[in-house]
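So the structure is just underneath, and the comments pick up after that.
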Amino acid sequence: MTAIPKLDPNVLESISKVLAETETGFTGAELAKLLSETNIQDIDSVNTKWKRLNAALSHKQKLDRCANNVVAFIQHSLNPARHYNNSEWFNDTRFKVNQILSFSGLNIGENGKVVSIKRSNTISEAASRASKLKERLVVRNVHPDVLLYCKEELLVDNYFHAVFEATKSVADKIRNKTGLKSDGASLVDEAFSFKQIPHLALNNLETESEHSEQKGFMNLLKGLFGTFRNTTAHAPKIAWCIEEVDALDILSLVSLVHRRLDKAVEARKMYEGKI
């Protein structure tokens with residue numbers, strides 16, 4: 001097997017922080033199991049999670065004089081079979097780890113395997129891309145909630161994750177306004193169906209035209225989730241490349257949806273006397 005050059009200490013530290021994040025990373029017990037399964041000594045088990053992981057990986061890399069076993073640990077921890085019931089976490093975590101690994105010319109595919117790639121664009125290039133995208137969206141007068149996703153950490157490679165996060169924000173806003181817990185098409189049906197008093201109404205729902213508007217918006221939301229959010233959540237990023245012009249159009253559509261949601265009447269809460 002070809003030796004993989006040792007990873008920069010900053011790369012190891014950043015990866016350790018992602019995999020052992022306080023809220024969303026592996027638990028201490030899970031880290032111990034993963035280290036044991038990849039034959040990496042847990043040399044600092046009493047320390048905080050990310051420092052513990054960083055110490056173990058750094059020590060192993062120093063002993064091996066290469067990064068092969070460290071990369072094997074990353075592959076093992078992000079094996080998709082391990083996360084089959086939490087694809088959103090898997091995609092988010094893989095994206096964050098890939099941002100870091102890209103500075104070493106490595107990338108984790110959707111299959112969990114690490115491959116060599118051209119070294120990442122610089123952070124300054126990502127910042128420039130983010131600034132440019134934000135400027136063009138401001139010219140379009142997009143909704144402020146969309147501008148939140150013009151961040152350089154989302155644009156190191158291309159516009160894939162900015163679109164993914166922006167479309168997720170639509171579902172978040174619907175849940176926040178209604179108190180519902182579902183997602184995707186089920187969330188849309190629960191929130192906007194007017195067989196009874198709907199949670200959210202775009203109009204008075206008295207005429208056929210008003211009914212059509214409500215139904216049309218429901219279909220638009222389902223299309224947005226199905227075409228972009230669900231696709232970006234499950235497709236390999238390298239196979240679903242989004243260029244700037246596409247990102248501008250998609251984010252403009254998300255902006256329109258946010259404006260309509262802001263103006264939607266919380267009909268169910270009004271009917272129940274909660275507002």
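In the UniProt record's numbering, the protein residues as written are 1 to 275. Where is the CB? At the ideal position from N, CA and C, for every residue including glycine. This one's a predicted model, so the numbers in the text were calculated from it and none came from an experiment.
{"Item": "Residues of its chain near S58, where Cβ-Cβ distance is below 6 Å and the 5 sequence neighbours each way are ignored", "Value": "L12"}
{"Item": "Straight-line Cα distance separating T167 from L224", "Value": "7 Å"}
{"Item": "Length of the line joining the Cα atoms of R94 and A247", "Value": "21 Å"}
{"Item": "Backbone secondary structure at V142 - three-state DSSP", "Value": "coil"}
{"Item": "Span of the beta strand (DSSP E), counted from its first residue to its last, around N79", "Value": "Looking at the DSSP string, N79 is not in any beta strand (DSSP E), and its letter there is neither H nor E."}
{"Item": "Closest residue to E206 among I15, F194, D189 and K134 (Cα-Cα distance)", "Value": "F194"}
{"Item": "Closest by C-alpha distance to K132, when choosing among K274, V245 and G273", "Value": "V245"}
{"Item": "The stretch 68 to 79 contacting the stretch 101 to 114, beta-carbon criterion three pairs below 8 Å", "Value": "yes"}
{"Item": "Residue closest to D262, alpha-carbon to alpha-carbon, out of I275, L202 and K274", "Value": "L202"}
{"Item": "Start-to-end residues for the alpha helix (DSSP H) that takes in S14", "Value": "P9 to L19"}
{"Item": "contact_flag[the stretch 136 to 143, the stretch 44 to 51] where n(CB pairs < 8 Å) is 3 or more", "Value": "no"}
{"Item": "8 Å Cβ cutoff met for I250 and F217", "Value": "no"}
{"Item": "Any alpha helix (DSSP H) of 4 or more consecutive residues that is wholly inside the UniProt domain \"Conserved hypothetical protein CHP02391\" (140 to 261)", "Value": "144 to 147, 160 to 178, 184 to 192, 208 to 224 and 230 to 234"}
{"Item": "Sufficient close CB pairs (3 or more, under 8 Å) joining the stretch 3 to 10 to the stretch 51 to 71", "Value": "yes"}
{"Item": "N91 - DSSP class collapsed to helix/strand/coil", "Value": "helix"}
{"Item": "Close Cβ partners of Y149 (< 7 Å) along its chain, the five nearest in sequence each way excluded", "Value": "A162, E165 and A166"}
{"Item": "Residues near T232 by beta carbon distance below 7 Å, same chain, minus five either side", "Value": "Because the pLDDT at T232 is just 44, under 50, the model does not fix this residue reliably, and the value given afterwards should be weighed accordingly. Taken in chain order, the residues that qualify are F160, V163, F164 and W240."}
{"Item": "C-beta contact flag for N98 and N107 at 8 Å", "Value": "yes"}
{"Item": "Residues near D183 in its chain [Cβ-Cβ closer than 7 Å; skip 5 each side]", "Value": "A171"}
{"Item": "Exposure of A29, with buried meaning 16 or more beta-carbon neighbours within 10 Å", "Value": "exposed"}
{"Item": "Among R175, R52, L19 and K222, nearest to L101 - alpha-carbon criterion", "Value": "L19"}
{"Item": "For S252 and F73, the rounded distance between their alpha carbons", "Value": "40 Å"}
{"Item": "Backbone secondary structure at N107 - three-state DSSP", "Value": "strand"}
{"Item": "Start and end residues, beta strand (DSSP E) containing S116", "Value": "V114 to S116"}
{"Item": "Within-8 Å CB hit, K168 to chain C", "Value": "Of the protein chains in this structure there is only one, and it is not chain C."}
{"Item": "Reduced DSSP secondary structure (H/G/I, E/B, other) of V265", "Value": "strand"}
{"Item": "Proximity of E266 and K177 at Cβ, strictly below 8 Å", "Value": "yes"}
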